[in-house]
Amino acid sequence: MKIKLTSVYVDDQKRALRFYTEVLGFTKKADFSQGPFRWLTVASHEDPNGTELQLALNDSPAAKAYQQAMFQQGQPAAMFFTDDVKAEYERIKGRGAEFTMPPTEVTGSTIAKLNDTCGNLIQITQLTRW
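Take the sequence shown: its position 25, counting from 1, is numbered 5 in my numbering, and each next residue is one higher.
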């Protein structure tokens, strides 16, 4: 068994696609619609056949409440890993991202948090090499 897909709720799929591809650098994998429903996923350009992230529209009261509560508590909706969080911070910040936490050492890792412009906080993590 393996994880192939996970989702984040977004308040605007068009804006989310721009952020996750143009700012973070992911690759669009799937994008199709049926009526008002749009299935939209991205994946890492480093592993295009790996796990996909669905950018799911928060069009239900439960989805909106969950997304807003996570954001208000400062909880990231997704966590991405890198070997160099400081380099990623500079790269992404250079593309206009708004960071709520610069690279900060915490137990076992260095993390940075940013606003995805679609209602979520995203965490970038570099694990400490012991």
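Even glycine gets a Cβ: it sits at the ideal position worked out from N, Cα and C.
CA-to-CA, the gap between ASP64 and MET(-19) works out to about 29 Å.
VAL65: member of the alpha helix (DSSP H) spanning 65 to 74, first to last residue. When the Cα atoms are used, THR97 and LYS(-16) turn out to be separated by approximately 25 Å.
By the neighbour-count criterion, in which a residue is buried when 16 or more other Cβ atoms sit within 10 angstroms of its Cβ, PRO82 is exposed. Under DSSP, TYR(-11) shares a beta bridge with ALA36. Unbroken beta strand (DSSP E) runs of no fewer than 3 residues, entirely contained in the stretch 3 to 36, are found at 7 to 14, 17 to 23, following chain order.
Exposed is the label assigned to GLY76, since fewer than 16 other Cβ atoms lie within 10 Å of its Cβ.
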